[in-house]
Structures are given as structure tokens and as C-alpha cells.
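Start counting the sequence shown at 1432; every next residue gets the next number (our numbering). For every residue, glycine included, the Cβ atom is placed at its ideal position computed from N, Cα and C. Everything below concerns the one structure shown next.
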Amino acid sequence: MWYVSTRGMAPRVDFEGALFSGYAPDGGLYMPEELPQLDRETLRQWSTLSYPDLVKELCALFIGPQLISRDDLTGLIDRAFSRFRHKEVVHLSRLRNGLNVLELWHGVTYAFKDLSLGCTAQFLQRFLEKRKQRVTVVGRLPPSSHPGTSGDTGSAAIESVHGAKNVDIIVLLPKGHCTRIQELQMTTVLRENVHVFGVEGNSDELDEPIKAVFADVAFVKKHNLMSLNSINWSRVLVQMAHHFFAYFRCAPSLDTDPLPAVEVVVPTGAAGNLAAGCIAQKMGLPIHLAVAVNCNDIIHRTVQRGDFSLSRAVKPTLASAMDIQVPYNMERIFWLLSGSDSQGTRALMEQFERTQSVSLPEELHSKLSEAVASESVSDETITQTMSRCWEENWYLLCPHSAVAVSYHYQQTDRQQPSPPRCCLAPASAAKFPEAVLAAGLTPETPPEILALESKEARCAAMRKGDDWTLMLRDTIEKLSRQRVISS
1432 MWYVSTRGMA PRVDFEGALF SGYAPDGGLY MPEELPQLDR ETLRQWSTLS YPDLVKELCA
1492 LFIGPQLISR DDLTGLIDRA FSRFRHKEVV HLSRLRNGLN VLELWHGVTY AFKDLSLGCT
1552 AQFLQRFLEK RKQRVTVVGR LPPSSHPGTS GDTGSAAIES VHGAKNVDII VLLPKGHCTR
1612 IQELQMTTVL RENVHVFGVE GNSDELDEPI KAVFADVAFV KKHNLMSLNS INWSRVLVQM
1672 AHHFFAYFRC APSLDTDPLP AVEVVVPTGA AGNLAAGCIA QKMGLPIHLA VAVNCNDIIH
1732 RTVQRGDFSL SRAVKPTLAS AMDIQVPYNM ERIFWLLSGS DSQGTRALME QFERTQSVSL
1792 PEELHSKLSE AVASESVSDE TITQTMSRCW EENWYLLCPH SAVAVSYHYQ QTDRQQPSPP
1852 RCCLAPASAA KFPEAVLAAG LTPETPPEIL ALESKEARCA AMRKGDDWTL MLRDTIEKLS
1912 RQRVISS
């Protein structure tokens, strides 16, 4: 299985190359050169599989046995999911009036990123052992004007690699811009390979030192730097399993011809889960996709009007992990829906990077609006949805899950005929007590989260007026020197 850049100007790579690169050298994102097509019989065989077994089948297709044997792949994925609280790893809650909620948050940090980052970290460590290398993972490297590592990405990345002998991780967190729980999940992991900085600035300001460090190509190469943010192909690959599992659990029967459709509602900011769904659709999974966003609505405007343009600023919302201006995985979707047109995708994205505004070509916009429905949801609607779901089901939604469920309520209230629908739930309500209180409800805090308050925390300060780029470079260089001494 080979991977090519969406912009068509970089050499093709295998899965290992895509994993370590993040971005392709031409600024594009890696996508499979060819997508396997799944016939009806394969879908029927997969329909009884557990979630971990679906991840194994998908990874086997997209990694290849010459890189990781099937037995080794099984061991790595089992290890990635070994600390999940639910025996199924993910769980489908069937609620009143056809509301199906797929809980993707049973990992250690109570967020969906535990699923993809847990597997990605296992693959990474496997290849590092083979290469006899160490790497330093730095928060994440977003293109200009993307928010820095969200609280869930930082904590899930730390959780996935803490204690790993061949990985150091540095995370920059914007003090006061993620929840108390998210902050504690990052600062209470006291392992030698975990380095957390609390930055006195917002997400955009925090990006500057990360971008400056990654812009120095020689420095990146010398110190083996990489990012694990949601542009990494490995994360998109694992997230495809959400859509297959949702389909198989919600489809009425696989004995009809054609196979029945299921609508999957994807709440998103960076569009990683949406890209995963579009790829699953192209492989032959009969899903309809609906994307639900908060009032940072660039994806909704793109689907509805072909208007892929930045707003003036990110608007803070209750669904804070989706407060993103640039949904960078949309580039994968543009490439996929344009029939792998790398020249067109490159022109589109380069214009967007220059002007921060682009209108999709009519044919591409038409294909996007055929493949995906969309909705944008206000904070008021989020709290109303959380409240309604509690009243009807005694079930607490996190604000991000409520963005998806509000789409379901909107459709059912209109009494429109529709296929069975499954709403993806990216995080537990336990992580967002402030939003639960805003909805007039009582937070339920699990003992593991309560215990965070009494743990020792460690966090180095990056204060206003400090040279953050220099501090980051110094930390990276110090880690490299320690590696040399210890080896």
C-alpha cells in the first residue's frame, strides 16, 4: 500500500513513511494511492466483528504484512486498547426515538483521541525499535492560524507514549484556555519522557514557537522531531473503524439488496473523523454522512455554499475542542471527491493559504454536498440538547456530542423519513462539568477524574516576555544531549 500527497509534488511513501512525516514535503497530506473496494460478502463477514477486530482488519489493509505482520499487528492493537474501561472498547447506547450514540470515550483520558493515538503510538514505537531511533513529539505542528494542541489531543498524546523508552513528548498548553480537568490530565503525568509547558497566551500565540521550530528543517532532522496531530494518516485510518462499527450496529439487516444505508453524524473541528467517513464511503460502506459543527462554521459554509474561507477569529464555545478555524483534513476530502486531482487540490489549497478564502469549483462543491449534509449549532442549542437528552433518557451528553445529537433532534422534529442514524460521541460529559452546569444539569465526576486534584502536578512556565521559541529549542537540545549520554 503506497501513499501519495494530496498536492502531487512529493514522492510516494509506504505507511511507515506517512506515519513519520505528518505533512508531505510539498505541504500536502498523505492519502492511499488506491482505496481497496469492499464487496458485499466482505461487509457481511465484518458485520459481526468487535471494534478492535475492525481496527485490525482496516489496519491490515492499509499497512501491509511486509511492514507489520498480522500477528504483530494484533498484539499492537490489543496493547493500545488494553486500558480502556469498557470491555467493547467503544459502546453504542440506544436511546429513545431512534437516538443511537456511539461512545468513543472509554479510554484513559475520556476522549475519542485515545483510540487513534493509542494505536498510532504503538505503531510508532514498533518502527522506532526497528530503526534503533528516538523521536521527540512536539505538541503539534499546525499550519498558520490553526489552534494549537487542544486539551484532548495533548492529554491523549501524553497518555499514549508516557514511559516509552524511545519517545520524548513536549506539550504546550495555553493556560486558562482548556478545562481544569484537561490541564490536570496533562500536568499530573510525572514521567521522565513527558515535558509540559504552561504558556501565558492563547492557542494562536502558542503556535508561534512550534511553527518556528518546525520551520527549521535542519533542526527538525537533527533532533528527530515529529507531531501526532490529526493530520497524521495513522489517526485517520483508525478513525475509519468508528464508521464501520456504527454502520454494522445500526443497519437493520445485511440481507437486503442493495444494502441498507445508515446516517452517521460526525461532530468535528479539524475534519479528521469526517475524512475517515468519506474514505469508508468510497470503499463501499453504505453510509450517509452528516457533519455537525459549532458556530466556528467553516465546514458548514463549505458544504452549503462552497465557501471555504476563514472567519475573522475563532469564537469560544462550549464545544471548545471544535473551536477551530482551519479544518485541515478537508484537503483530504477535496482530493478524494475530485477523483485524486492533486493539481486542482494544490491550486485550491495554495490559494487558500495566500488569501484565506476560496470558493470551491462548482463540480467539487456539488460532489461535497452530495456526500455530506451539514449543520452549525449555537451554544444555546448545545445546552438545550444536553437538557433534552437528559430529560428524555437520563443520559448526559458532552457539549461536542450534543452538537451531533442536535442534528438528530432537528431531523426527527421535522418528521422527515430517514435511514437509521448514529451520532458519534467524542468525549464524556465528565470532562466538561462547566458545560453540564450551563445546561442546568448536575455533573457526574468519575473517581479517576476526582483523583486528579490530589495528584502532584508538574508544568514549566512560559511567561509573557519570555522567548518561547528559544525555550522550546533549548528543551529539545537538552533532550538530545541526554540521549547521547544515556546511549
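**Request:** Could you give the DSSP three-state label for Gly-1607: helix, strand or coil?
**Result:** For this step, residue 1607 is matched to residue 176 along the sequence shown. Here Gly-1607 sits in coil by DSSP.
**Prompt:** Where DSSP assigns a beta bridge to Arg-1525, which residues make up the other side?
**Reply:** For the purposes of this step, residue 1525 is identified with residue 94 of the sequence shown, where counting begins at 1. Answer is Asn-1531, bridged to Arg-1525.
**Message:** Considering Cα atoms alone, identify which of His-1839, Asn-1655 and Ser-1849 is closest to Ala-1856.
**Reply:** In the sequence shown, the residue the question calls residue 1856 occupies position 425. Per the Cα distances, His-1839.
**Request:** Determine the DSSP secondary structure at Thr-1876, reduced to helix, strand or coil.
**Result:** Residue numbering aside, residue 1876 sits at position 445 when the sequence shown is read from its first letter. In the structure shown, Thr-1876 sits in coil (DSSP, three-state: anything other than H, G, I, E or B).
**Message:** Checking 8 Å against the spacing of the C-beta atoms, do Val-1667 and Asn-1760 come in under that value?
**Reply:** For this step, residue 1667 is matched to residue 236 along the sequence shown. For this step, residue 1760 is matched to residue 329 along the sequence shown. Yes, they are a contact pair.
**Message:** On the DSSP bridge list, what partners appear for Leu-1460?
**Reply:** The residue labelled residue 1460 in the question sits at position 29 within the sequence shown. Its beta-bridge partners are Tyr-1454.
**Request:** Please report how far the alpha carbon of Leu-1530 lies from the alpha carbon of Arg-1912, in whole angstroms.
**Result:** What you label residue 1530 is simply residue 99 of the sequence shown in a count that begins at 1. What you label residue 1912 is simply residue 481 of the sequence shown in a count that begins at 1. Cα to Cα, Leu-1530 sits roughly 54 Å from Arg-1912.
**Request:** Report the rounded CA-to-CA distance for Ile-1764 versus Ser-1917, giving the unit in angstroms.
**Result:** In the sequence shown, the residue the question calls residue 1764 occupies position 333. In the sequence shown, the residue the question calls residue 1917 occupies position 486. Approximately 44 Å, taken between the alpha carbons.
**Request:** Ignore the nearest five residues each way along the sequence and tell me which others in Leu-1883's own chain have a CB closer than 8 Å to its CB.
**Result:** In the sequence shown, residue 1883 corresponds to position 452, counting from 1. If we look at Leu-1883 and ignore the five residues flanking it on each side, its Cβ neighbours are Ile-1612, Leu-1615, Gln-1616 and Thr-1619.
**Identified DSSP bridge partners for Asp-1599** = Looking up residue 1599 in the sequence shown gives position 168. Partner(s): Thr-1567.
**Message:** I'd like the list of long-range same chain contacts for Val-1532, defined as Cβ closer than 6 Å, with 5 residues on each side in sequence excluded.
**Reply:** One-based indexing of the sequence shown puts residue 1532 at position 101. Once the five neighbours on either side are set aside, the close Cβ partners of Val-1532 are Ser-1524, Cys-1854 and Ala-1856.
**Request:** Could you name each continuous beta strand (DSSP E) segment of 3 residues or more that falls completely within the stretch 1643 to 1708, going from the start of the chain to the end?
**Result:** 1693 to 1698
**Message:** Is the beta carbon of Asp-1470 closer than 8 Å to that of Ser-1436?
**Reply:** Position 5 of the sequence shown holds residue 1436. Position 39 of the sequence shown holds residue 1470. No; because the gap between Cβ atoms is not below 8 Å, this pair is not in contact.
**Beta-ladder partner(s) of Ile-1718, from DSSP** = Translated into the one-based positions of the sequence shown, residue 1718 becomes position 287. Answer is Val-1693, bridged to Ile-1718.
**Prompt:** Taking buried to mean at least 16 other C-beta atoms within 10 Å of its own C-beta, is Gly-1607 buried or exposed?
**Reply:** In the sequence shown, residue 1607 corresponds to position 176, counting from 1. Exposed.
**Asked** Would you call the stretch 1787 to 1800 and the stretch 1824 to 1839 in contact, with 3 or more CB pairs under 8 Å?
**Response** no
**Request:** Just grab the DSSP bridge partners of Met-1893 for me.
**Result:** Within the sequence shown, residue 1893 is the residue found at index 462, counting from 1. In the DSSP output, where bridge partners are listed per residue, Met-1893 has Val-1630.
**Prompt:** Is it true that the CB of His-1654 sits closer than 8 Å to the CB of Ile-1880?
**Reply:** Mapped onto the sequence shown, residue 1880 falls at position 449. Mapped onto the sequence shown, residue 1654 falls at position 223. No; because the gap between Cβ atoms is not below 8 Å, this pair is not in contact.
**Prompt:** Mapping DSSP to helix, strand and coil, what is Arg-1852?
**Reply:** What you label residue 1852 is simply residue 421 of the sequence shown in a count that begins at 1. Looking at Arg-1852 - three-state DSSP - the assignment turns out to be strand.
**Prompt:** Counting pairs of Cβ atoms below 8 Å between the stretch 1801 to 1818 and the stretch 1724 to 1731, do you hit three or more?
**Reply:** yes
**Request:** Check whether the Cβ atoms of Val-1644 and Val-1569 sit closer than 8 Å, and answer yes or no.
**Result:** The sequence position of residue 1644 within the sequence shown is 213, counting from 1. The sequence position of residue 1569 within the sequence shown is 138, counting from 1. Contact flag set, yes.
**Item:** C-beta atoms of Phe-1783 and Leu-1716 nearer than 8 Å
**Value:** Here residue 1783 refers to the residue found at position 352 when the sequence shown is read from its first residue. Here residue 1716 refers to the residue found at position 285 when the sequence shown is read from its first residue. Contact: no.
**DSSP three-state assignment for Val-1834, whether helix, strand or coil** = Position 403 of the sequence shown, counted from the start, is the residue given in the question as residue 1834. Helix.
**Prompt:** Can you give the Cα-Cα distance for Ser-1513 and Pro-1830, rounded to whole angstroms?
**Reply:** Sequence index remark: in the sequence shown, residue 1513 carries index 82 (1-based). Sequence index remark: in the sequence shown, residue 1830 carries index 399 (1-based). So the alpha carbons of these two residues sit roughly 27 Å apart.
**Message:** So the candidates are Cys-1609, Glu-1560, Ala-1542 and Lys-1561; which of them puts its Cα closest to the Cα of Glu-1590?
**Reply:** Within the sequence shown, numbered from 1, the residue matching residue 1590 stands at position 159. Of the candidates Cys-1609, Glu-1560, Ala-1542 and Lys-1561, the one whose C-alpha sits nearest the C-alpha of Glu-1590 is Ala-1542.
**Item:** Simplified DSSP assignment, three categories, for Ala-1858
**Value:** Indexing the sequence shown from 1 puts residue 1858 at position 427. The answer is strand: DSSP assigns Ala-1858 an E or B state.
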